[in-house]
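Accompanying notes for the structure given below.
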């Protein structure tokens, strides 16, 4: 995948040559001493630090928001997109080269799409309990919180390929999220179910999808604002900012009336007690999220959004690397924004309405 930095796990065999002991003579009939199996060790590599702001054009950006995003991202090889979900305006984009690239496998964040499709098609309700093993069961809330792959594999098999892709496209995947943004490339929606492995590869891992930071920002903005998918716009001059007019791409009327609200309960659970509990956020500033972990070509993709009555900012962040893919940085991305920049003028006004989408750690 272009533009992606992977840190594979390397297995190194340490071969030990065992010779005869002192005084020991081998004969043709004597059994040779048993050879020890090669020892193996796992070598983990950390992604090298980078300056993610190199080459960025900050014309027209909200510099207060940008400072918060840059500080939170640090030296990760990542891209941050901050959007106002009430109108689709991009307020800042850190590492624009990476942000405009063609996309990456969404991994477990595809479960947001799967959940909305399953709720809207009445495949499950929030209370529906599905037994994933003999002794384990989940409802939708706990399955989202714990990102249970088997649960979403079952949902994928019940939904089928056509319905999954229909909702993915309705939610903006596979098309440009922006309006007249010259460098943007669209993501990809699969043209058929997986040839092997079943629908679960698509509905639990995102197999066949390529999703861009802009697409994810637009999707999470629609979740934040309750169901309006805006075309993202990136005004660069004061006159473009003054003349800015929101452009609605589509209202998500096909979703079940309570689908987004039900989804948010599970996303809150992910941060409170599930896979994103390392976010280390202030409980007075609730954060909702969805993590995702994949190996090699698949990626680590945490996503989160801040709660509030009228969310003011949506943020999409894609970061590559981390030690062995287990870095805490994506989970704590929201906390860094909240706690590190909440006192700044302009940020403090609405920091409790911030929506967050930390997005990718490849390893």
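In my numbering, the protein residues as written are 858 to 1220. Glycine included, every Cβ here is placed at the ideal spot set by N, Cα and C. Because the structure is a prediction, the values reported are computed rather than measured.
For residue 965, which three-state DSSP category applies?
-> Helix at residue 965.
So what's residue 1038 in DSSP terms, helix, strand or just coil?
-> Note: residue 1038 maps to coil in three-state DSSP.
Under a three-way DSSP split, which group does residue 950 fall into?
-> Residue 950: strand per DSSP, three-state reduction.
Is the number of C-beta pairs between the segment 1072-1087 and the segment 1047-1063 that are closer than 8 Å three or more?
-> The segment 1072-1087, when compared against the segment 1047-1063, does not touch it at the 8 Å Cβ threshold.
Taking residue 1096 as the reference, give the member of 918, 909, 907 with the closest Cα.
-> Relative to the Cα of residue 1096, the nearest Cα in the group 918, 909, 907 belongs to 918.
Helix, strand or coil: which one does DSSP assign to residue 995?
-> The answer is strand: DSSP assigns residue 995 an E or B state.
Check whether the Cβ atoms of residue 1113 and residue 976 lie closer than 8 Å to each other.
-> Taking 8 Å as the cut-off, the Cβ atoms of residue 1113 and residue 976 count as close.
Helix, strand or coil at residue 1112 according to DSSP, with G and I counted as helix | In the structure shown, residue 1112 sits in coil (DSSP, three-state: anything other than H, G, I, E or B).
Alpha carbon to alpha carbon, how far is residue 1030 from residue 1221? Give it in angstroms, no decimals.
-> Coverage of the chain is limited to positions 858 through 1220, which leaves residue 1221 absent and any answer about it impossible.
Give me the Cα-Cα distance between residue 990 and residue 1094, rounded to the nearest whole angstrom.
-> Residue 990 and residue 1094: Cα-Cα distance of roughly 56 Å.
Taking all protein chains shown into account, do 16 or more other C-beta atoms lie within 10 angstroms of the C-beta of residue 1043, making it buried, or fewer, making it exposed?
-> By the neighbour-count definition (other C-beta atoms within 10 Å, threshold 16), residue 1043 is a buried residue.
The segment 1121-1128 in contact with the segment 1060-1077 per 3-pair CB rule at 8 Å | The segment 1121-1128 makes no contact with the segment 1060-1077, as fewer than three CB pairs between them are under 8 Å.
Output the distance between the C-alpha atoms of residue 1131 and residue 1125, rounded to the nearest integer angstrom.
-> Distance between the alpha carbons of residue 1131 and residue 1125 is about 9 Å.
Report the residue from 1024, 1089, 1092 whose alpha carbon sits nearest the alpha carbon of residue 1059.
-> That would be 1024, whose Cα lies nearest to the Cα of residue 1059.
Locate the beta strand (DSSP E) running through residue 934, then write down its first and last residues.
-> For residue 934, the enclosing beta strand (DSSP E) has its first and last residue at 934-941.
Run through DSSP, which three-state label would residue 1132 get?
-> Reduced to three states, the DSSP call for residue 1132 is coil.
Use the C-beta contact count for residue 1005: other C-beta atoms within 10 angstroms, 16 or more gives buried, fewer gives exposed.
-> Under this definition residue 1005 is a buried residue.
Nearest chain B C-beta to residue 1104 closer than 8 Å, yes or no?
-> The question asks about chain B, but that chain is absent: this structure has only one protein chain.
Check: residue 998 C-beta below 7 Å from any heavy atom of the ligand SAH = The model on display carries no ligand, and the ligand SAH is accordingly not part of it.
Which full runs of the alpha helix (DSSP H) of 4+ residues lie inside the segment 1008-1086, going along the chain?
-> The alpha helix (DSSP H) runs of length 4 or more contained entirely in the segment 1008-1086 are, from start to end of the chain, 1018-1027, 1057-1060, 1070-1082.
Per-residue DSSP class, three states only, for residue 1005 = Three-state result, residue 1005: coil.
Where does residue 1121 fall in DSSP's three states?
-> Assignment of residue 1121 by DSSP, reduced to helix, strand and coil, places it in the helix class.
Touching or not, the segment 1102-1113 and the segment 995-1011, by the rule of three or more beta carbon pairs under 8 Å?
-> The answer is no - the segment 995-1011 does not touch the segment 1102-1113, with fewer than three Cβ pairs under 8 Å.
Collapsed DSSP secondary structure at residue 833 in the structure displayed = The structure shown has nothing for residue 833, since the chain only spans 858 to 1220.
Would you call the CB atoms of residue 936 and residue 956 closer than 8 Å?
-> Yes, these two residues count as a Cβ contact at 8 Å.
Pick from 966, 1008, 992, 1003 that is closest to residue 981, judged by C-alpha positions | Among 966, 1008, 992, 1003, the Cα nearest to that of residue 981 is on 1008.
Return helix, strand or coil for residue 1104, following the three-state DSSP convention.
-> In the structure shown, residue 1104 sits in coil (DSSP, three-state: anything other than H, G, I, E or B).
Residue 1011 beta carbon less than 8 Å from that of residue 987 | In this structure, the beta-carbon distance from residue 987 to residue 1011 falls below 8 Å.
In whole angstroms, what separates the C-alpha of residue 1014 from that of residue 1020?
-> Residue 1014 and residue 1020 have their alpha carbons spaced roughly 11 Å apart.
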